[in-house]
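Peer 1: Structure provided below as structure tokens; questions to follow.
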Amino acid sequence: GYLEFEHSYLYDMYDFKGTPYYPIEVCKDAGCRVYLTYILDDMGDQYNGPFTIEIEGITKTSFYDLNRLTLPNREKGFLDIPKGTAEFVVHNPHNNGGTRPLALWVVLNSAPSLDTIAVFEAANGGAIATTARNVVLMSVSPFTATATMTGKYAVTIKPSPFDMLGNAECEYVLKMDDAISPSFSQSFSSPIISFGFDSAISMQLNTDLSFPVDRAINASGYLSGPGYIGCADKALVFRNENYVTGTASFNETFNVKGQTRRHISFYGDLNTDDTAPIMLYDMDTDGEPLRILGNQNDNTSTWEYEMDTSSFSIHWDSLFWCNETFMIRYDVGGPVGPPGTKATKSPIEVTTTSASLRS
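Numbering of the sequence shown is given in UniProt numbering, commencing with residue 1 and proceeding in unit increments.
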């Protein structure tokens, strides 16, 4: 089912699969913007391109055209649904036929700060220059974003729509300011990544569809299961065949490597059980890995840990990743001395959610 946020709605390929006419009835009071992303290849165009959006039986656009719609400043274009429109309909001409990975994002015109956002397609690559306070990247393929900021800044990055940037119940994956670094590079496997700056600054942004599993320990970062959204209802996962290695399974190892021992602080947002624990390895030792698991039902979905190491790896093997997810942030501290400091672990309290899943 679709994902509902404070002022927007996110639909995936399965919402439209096998459904000739799918009505969306959320835009009447304020009107809305409709953004779309799918993979720009022959298969994407063959399956998703012929879809249309209709209002009262009149075709307004095709998915082929909407996916390619780009503004002169390289921002992603959108379909404007006027206020008073009772519903618009997504028409799947394949009837019971399949779809390819896609993300349809409906943003209400009543969303606060809507005029401060700039939405870009991550798959387009190249250099993007923007001074927008809120920047959104969309992609149904895992990707890497590299950004360089000019001047003083503070930024919060979340794997959820921009209307959740101010909501503490949706996790952030990275927080930075000019005191830490003038730039960063981070890989993502969520369909919408939102950057919230404390003020308008000048940013140069480059994106590409790489997703390295080997990363350097010289900067803080995060790792997550595919389709991670990060709001407090841990059942919220974006479903996407492009994230998985089989029909449903996910099996990946991330290595974070360096030469100097550093103090690493971990924070985990978890929805996994003992059938699919996350395994944390200290690569400086031959010791057994730490098994990490937790879920919202028994109030164990948040986790903290500390480690002194030059390299670590995180492995997750899940047969049913749509029902499970995780995110682990790691903050990299300064160099530390020889081994001898004992790692510590402390649970913290779980919050409640304002996002919900509709079917």
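Backbone N, C-alpha and C define an ideal beta-carbon position, used for all residues, glycine too.
Bear in mind the structure is a predicted one, so any value in this text is a computation, not a measurement.
1) Among all the DSSP beta bridges, which residues are the ones paired with Tyr267?
2) Distance, Cα to Cα, Pro20 vs Asp177?
3) Would you mind stating whether Ser265 and Gly333 have Cβ atoms separated by less than 8 Å?
4) Could you tell me the boundaries of the alpha helix (DSSP H) in which Tyr14 lies?
5) Between the alpha carbons of His263 and Ile157, how many angstroms are there, rounded?
6) Could you say which of Gly196, Val173, Arg133, Asn295 lies nearest to Phe188 if we only look at CA atoms?
7) Taking DSSP as the reference, what is the three-state secondary structure of Phe63?
8) What residue from Cys27, Thr285, Asn67, Asp198 has the CA that sits closest to Ala123's CA?
9) State the DSSP-derived secondary structure class of Asn251, mapped to helix, strand or coil.
10) Quick one: any contact between the segment 133 to 152 and the segment 211 to 228, if contact means 3 or more CB pairs under 8 Å?
11) State the CB to CB distance for the pair Ser194 and Asn134, rounded to an integer number of angstroms; the pair is presumed to be in contact (CB under 8 Å).
12) Note the first and the last residue of the continuous alpha helix (DSSP H) segment covering Gln46.
13) Go ahead and label Pro23 buried or exposed: buried means 16 or more other beta carbons lie within 10 angstroms of its beta carbon, across all protein chains shown.
14) Is Met123 helix, strand or coil by DSSP?
15) Check Phe211 in the structure and name its three-state DSSP category.
16) Out of Tyr153, Gln259, Pro226, which has the shortest C-alpha to C-alpha gap to Ile328?
17) Given that a residue counts as buried once 16 or more other Cβ atoms are within 10 Å of its Cβ, and exposed if not, what is Pro277?
18) Quick one: using the 10 Å Cβ neighbour count with 16 as the cut-off for buried, is Arg291 buried or exposed?
19) Could you say which of Ile180, Gly125, Val90, Gly77 lies nearest to Phe118 if we only look at CA atoms?
20) Per DSSP, what are the beta-bridge partners of Ala147 in this structure?
21) In whole angstroms, what is the alpha-carbon distance linking Lys17 and Tyr2?
22) For Gly287, does the count of other Cβ atoms within 10 angstroms reach 16, so buried, or fall short, so exposed?
23) Consult DSSP for Met283 and reduce its assignment to one of helix, strand or coil.
24) Less than 7 Å between C-beta atoms, sequence neighbours within five positions excluded: which residues of the same chain meet that for Gly246?
25) Beta-carbon within less than 6 Å of Val256's beta-carbon, same chain only, minus the 5 sequence neighbours each way: which residues are those?
26) Quick check: the segment 146 to 153 against the segment 99 to 110, are there 3 or more CB pairs under 8 Å?
27) Can you pull the DSSP bridge partners for Leu69?
28) Considering only C-alpha positions, which residue in the set Asp45, Asn251, Gly230 is nearest to Ala168?
Peer 2: So, from the data block:
1) Locating residue 267 in the sequence shown gives position 267, counting from the first residue. According to DSSP, Tyr267 shares a beta bridge with Glu304, Arg329.
2) Translated into the one-based positions of the sequence shown, residue 20 becomes position 20. Translated into the one-based positions of the sequence shown, residue 177 becomes position 177. Between the alpha carbons of Pro20 and Asp177 lies a distance of about 47 Å.
3) What you label residue 265 is simply residue 265 of the sequence shown in a count that begins at 1. What you label residue 333 is simply residue 333 of the sequence shown in a count that begins at 1. Result yes, Cβ atoms of Ser265 and Gly333 sit closer than 8 Å.
4) For the purposes of this step, residue 14 is taken as the residue at position 14 of the sequence shown. Counting along the chain, the alpha helix (DSSP H) containing Tyr14 begins and ends at 13 to 16.
5) In the sequence shown, counting from the first residue as 1, residue 263 sits at position 263. In the sequence shown, counting from the first residue as 1, residue 157 sits at position 157. His263 and Ile157 have their C-alpha atoms spaced approximately 23 Å apart.
6) Along the sequence shown, one-based indexing puts residue 188 at 188. The shortest Cα separation from Phe188 among Gly196, Val173, Arg133, Asn295 belongs to Val173.
7) Your numbering for residue 63 matches position 63 in the sequence shown. In the structure shown, Phe63 sits in a helix (DSSP, three-state: H, G or I).
8) Here residue 123 refers to the residue found at position 123 of the sequence shown. If you compare the alpha carbons of Cys27, Thr285, Asn67, Asp198 with that of Ala123, the shortest gap goes to Asn67.
9) Residue 251 sits at position 251 when you count from the first residue of the sequence shown. In the three-state reduction of the DSSP assignment, Asn251 falls in the strand class.
10) A contact between stretches requires three or more CB pairs, one per stretch, nearer than 8 Å, and the segment 133 to 152 meets this requirement with the segment 211 to 228.
11) For this step, residue 194 is matched to residue 194 along the sequence shown. For this step, residue 134 is matched to residue 134 along the sequence shown. Confirmed, about 7 Å.
12) Taking the sequence shown and counting its residues from 1, the one referred to as residue 46 is at position 46. First-last of the alpha helix (DSSP H) with Gln46: 42 to 47.
13) Position 23 of the sequence shown, counted from the first residue, corresponds to residue 23. It is exposed - the Cβ of Pro23 has fewer than 16 other Cβ atoms within 10 Å.
14) Locating residue 123 in the sequence shown gives position 123, where the first residue counts as 1. In the sequence as presented, Met is not what sits at residue 123; that position holds Ala. Collapsing the DSSP output to three states places Ala123 in a helix.
15) By one-based count along the sequence shown, residue 211 stands at place 211. Coil, per DSSP.
16) Counting from 1 along the sequence shown, the entry for residue 328 is found at position 328. In terms of Cα proximity to Ile328, the closest of Tyr153, Gln259, Pro226 is Pro226.
17) The residue given as residue 277 occupies position 277 in the sequence shown. Buried: at least 16 other Cβ atoms inside 10 Å.
18) Stepping through the sequence shown from its first residue, residue 291 is reached at position 291. By the neighbour-count criterion, in which a residue is buried when 16 or more other Cβ atoms sit within 10 angstroms of its Cβ, Arg291 is exposed.
19) The count along the sequence shown starts at 1 and reaches residue 118 at position 118. A small correction: the amino acid at residue 118 is Ala; Phe does not occupy that position in the sequence shown. By alpha-carbon distance to Ala118, the top candidate from Ile180, Gly125, Val90, Gly77 is Gly77.
20) The residue you call residue 147 lines up with position 147 of the sequence shown. Answer is Phe184, Leu205, bridged to Ala147.
21) On the sequence shown, position 17 is the one that residue 17 refers to. On the sequence shown, position 2 is the one that residue 2 refers to. If you take the alpha carbons of Lys17 and Tyr2, they lie about 13 Å apart.
22) On the sequence shown, residue 287 is found 287 positions in, with the first residue counted as 1. It counts as exposed.
23) For the purposes of this step, residue 283 is identified with residue 283 of the sequence shown, where counting begins at 1. Coil.
24) Locating residue 246 in the sequence shown gives position 246, counting from the first residue. Here the model assigns Gly246 a pLDDT of 46, short of 50, so the residue's position is not dependable, and the following value carries that caveat. Excluding positions up to five away in sequence, the list is empty.
25) As a working mapping, residue 256 is identified with position 256 in the sequence shown. Only Arg215, Ile217, Phe312 meet the Cβ criterion.
26) For the pair of segments examined, the segment 146 to 153 was found not to touch the segment 99 to 110: the number of CB pairs separated by less than 8 Å stays below three.
27) Reading the sequence shown from its first residue, position 69 is the one you call residue 69. Answer is none; Leu69 lacks a bridge partner.
28) Reading the sequence shown from its first residue, position 168 is the one you call residue 168. The option with the nearest alpha carbon to Ala168 is Gly230.
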